[in-house]
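Undergrad:
Residue numbers (this note's numbering): -10 to 372.
1. Could you have a look at residue 41 and say whether DSSP puts it in helix, strand or coil?
2. By the 10 Å Cβ neighbour count, where 16 or more other Cβ atoms means buried, how is residue 351 classified, buried or exposed?
3. Taking all protein chains shown into account, do 16 or more other C-beta atoms lie within 10 angstroms of the C-beta of residue 235, making it buried, or fewer, making it exposed?
4. Under DSSP, the beta strand (DSSP E) around residue 186 begins and ends at which residues?
5. Rounding to the nearest angstrom, what Cα-Cα distance links residue 344 and residue 74 in this structure?
6. Taking the CB atoms as reference points, tell me whether residue 76 and residue 84 lie closer together than 8 Å.
7. From this set, 60, 279 and 126, which residue's C-alpha is nearest residue -4's C-alpha?
8. Relative to the alpha-carbon of residue 147, which residue among 134, 136 and 169 has its alpha-carbon at the smallest distance?
9. Under DSSP, the beta strand (DSSP E) around residue 180 begins and ends at which residues?
10. Which residue's Cα is closest to the Cα of residue 37: 132, 178 and 87?
11. May I ask which residues mark the beginning and end of the beta strand (DSSP E) holding residue 262?
12. Consider the Cβ of residue 332: report whether some Cβ of chain D lies at a distance smaller than 8 Å.
13. With contact counted as at least three CB pairs below 8 Å, one residue from each stretch, are the stretch 321 to 339 and the stretch 183 to 201 in contact?
14. Please report the straight-line C-alpha distance between residue 204 and residue 136, rounded to a whole angstrom.
15. So, do the stretch 270 to 285 and the stretch 245 to 261 have three or more beta carbon pairs nearer to each other than 8 Å?
16. Under the rule that 16 or more other beta-carbon atoms within 10 Å means buried, what is residue 248, buried or exposed?
17. Looking at the secondary structure, which residues open and close the beta strand (DSSP E) in which residue 284 lies?
18. Mind checking which residues open and close the alpha helix (DSSP H) that includes residue 217?
19. Using only the alpha-carbon positions, how far apart do residue 105 and residue 15 sit?
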C-alpha cells in the first residue's frame, strides 16, 4: 500500500494491541494552475500526488476517540464523539481529527468511537495540502467505519468544513476535492462553483517536478485570509456574487471606482480563471509550450497583482524555467508566501533539469525535490 504502512501498523499494534480494522489513504496535491480562484467560485487544475496520509482505524464500542500521531513522536490525544468537541491548544495537530468529527456530526452523521494512528509523507508548509490529506483520510476512515457510504464530493465538503469552521483556515474546496476525487494519470479541472470535476489526461511523456523553496508557509497566519477578504470586497464593489462572475472589461470599466489594491487582487483572479481553462485545453492537446506560457503568466500575476510570492520563490521559478526551456513551465503552487514550485516538462528534459538545478534554500541547503505522478484519490483498505 505504502512505505508508511509498516510504521502505521507497528504503531497501532504497540499502542492499541492488535491490528486495525482498516487503513484509509488520501493524497496531497499539487496545483498546476489556478491559484486563489477556488474560494472565488472559479477554476483550478490540480493533480493528486503520490505523497499521502494514512489513517489506521479500529472501531470502538464506546464514544471515545484515541488518536496517535506518528509524525509527532507518537503523541496521543483523546476526546469523545458525544458532547462538545473543542480545539486542543496543547495538541493543535489533533484539531484536524476533532474537526472532522465535529463537521460530520454537524451534518447529522452518527459516528462510533475509534482508535486511530495517523502518519503522512506530504511535506508540511509546502503548499502541497498536507492538512487536506489528513482531513480527507480521517473522514474516509470514519465514513467506512460508520458505513455511511458517502460519495467523494460529500467527504471533501465535510473535510473542508473541518478546516474552515473548526480549525479556522478559510480555505476553498480544491485541496479536499482533488484529494478525495483524484484520478491516476490525470489532472482534474474543477469548477469550484458546481464542484464538477473533469479529468484531463496528462501526456505519457510528461513529468511533474515539485521543488520546495525552503520557506515554510502557513495558511492560518493571516495573509491568506486577508487575500480572501480582499477578493470578497472586490466582488461586492463590482456587483457580482463572486469574482468568478466578473470579466476583464467589467473590471476595467470600474477601475476608477476601485482602490488600486482591490483592482489588482481582482485582476489576478479574473485572469487566472481564464488561464486555468486555457491550460486545461493545452494539456489535453499535449501543448506544453502554451501550458508553460500560461504558468509563467500565472506566476507573474501572483507576484505583481496578488503579491504572494517571495524573492527565493521567484528565483527558483526563474531557474527552473530557464532549465526547462519553452516546452513546459514553472510557477509557485499553493497559497503563497513560500512553499513549493511546480514544474511541468517533457520527461526527456527531466535529467537535464535535475542535474542543472543549483538553487539553495535561504538556509543554504539543497531543496527538497519530488518527482511526482498523478495518483488516485482517497481509498480504504480493510485488514
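The beta-carbon is built from N, C-alpha and C at its ideal position, and this holds for glycine as well.
Since we're looking at a predicted model, the values are computed, not measured.
TA: Inspection of the coordinates gives the following:
1. In the chain shown, the residue the question calls residue 41 occupies position 52. Reduced to three states, the DSSP call for residue 41 is strand.
2. For the purposes of this step, residue 351 is taken as the residue at position 362 of the chain shown. Its Cβ having fewer than 16 others within 10 Å, residue 351 is exposed.
3. For the purposes of this step, residue 235 is identified with residue 246 of the chain shown, where counting begins at 1. A residue is called buried when at least 16 other Cβ atoms come within 10 angstroms of its Cβ; residue 235 meets this threshold and is buried.
4. On the chain shown, position 197 is the one that residue 186 refers to. Annotation for residue 186: the continuous beta strand (DSSP E) segment containing it runs 186 to 190.
5. Taking the first residue of the chain shown as 1, we reach residue 344 at position 355. Taking the first residue of the chain shown as 1, we reach residue 74 at position 85. Residue 344 and residue 74: Cα-Cα distance of roughly 50 Å.
6. Sequence index remark: in the chain shown, residue 76 carries index 87 (1-based). Sequence index remark: in the chain shown, residue 84 carries index 95 (1-based). With contacts defined by Cβ atoms closer than 8 Å, residue 76 and residue 84 form a contacting pair.
7. Translated into the one-based positions of the chain shown, residue -4 becomes position 7. Checked all of 60, 279 and 126; the closest Cα to residue -4 is 60.
8. If you number the chain shown from 1, residue 147 lands on position 158. Selected option, being the one with the closest Cα: 169.
9. Working through the chain shown from its first residue, we reach residue 180 at position 191. Residues 175 to 180.
10. Numbered from 1 along the chain shown, position 48 holds the residue referred to as residue 37. Put simply, of 132, 178 and 87 the residue whose alpha carbon is nearest the alpha carbon of residue 37 is 178.
11. Position 273 of the chain shown, counted from the first residue, corresponds to residue 262. From DSSP, residue 262 is part of no beta strand (DSSP E) but of the alpha helix (DSSP H) over 249 to 273.
12. Absence of chain D from the displayed structure is noted, only one protein chain being present.
13. Look at the beta carbons and you see the stretch 321 to 339 touching the stretch 183 to 201: at least three pairs across the two are nearer than 8 Å.
14. The residue given as residue 204 occupies position 215 in the chain shown. The residue given as residue 136 occupies position 147 in the chain shown. Across the structure, residue 204 and residue 136 are spaced so that their CA atoms are roughly 41 Å apart.
15. Too few Cβ pairs lie closer than 8 Å, so no.
16. As a working note, residue 248 is residue 259 in the chain shown. Answer is exposed; the Cβ neighbour count stays below 16.
17. Residue mapping note: residue 284 aligns to position 295 of the chain shown, counting from 1. Not the beta strand (DSSP E): residue 284 falls in the alpha helix (DSSP H), residues 277 to 293.
18. Within the chain shown, numbered from 1, the residue matching residue 217 stands at position 228. Taken as a continuous stretch (DSSP letters only), the alpha helix (DSSP H) holding residue 217 covers 212 to 227.
19. Against the chain shown, residue 105 aligns to sequence position 116. Against the chain shown, residue 15 aligns to sequence position 26. Looking at the backbone, the Cα of residue 105 and that of residue 15 are separated by about 15 Å.
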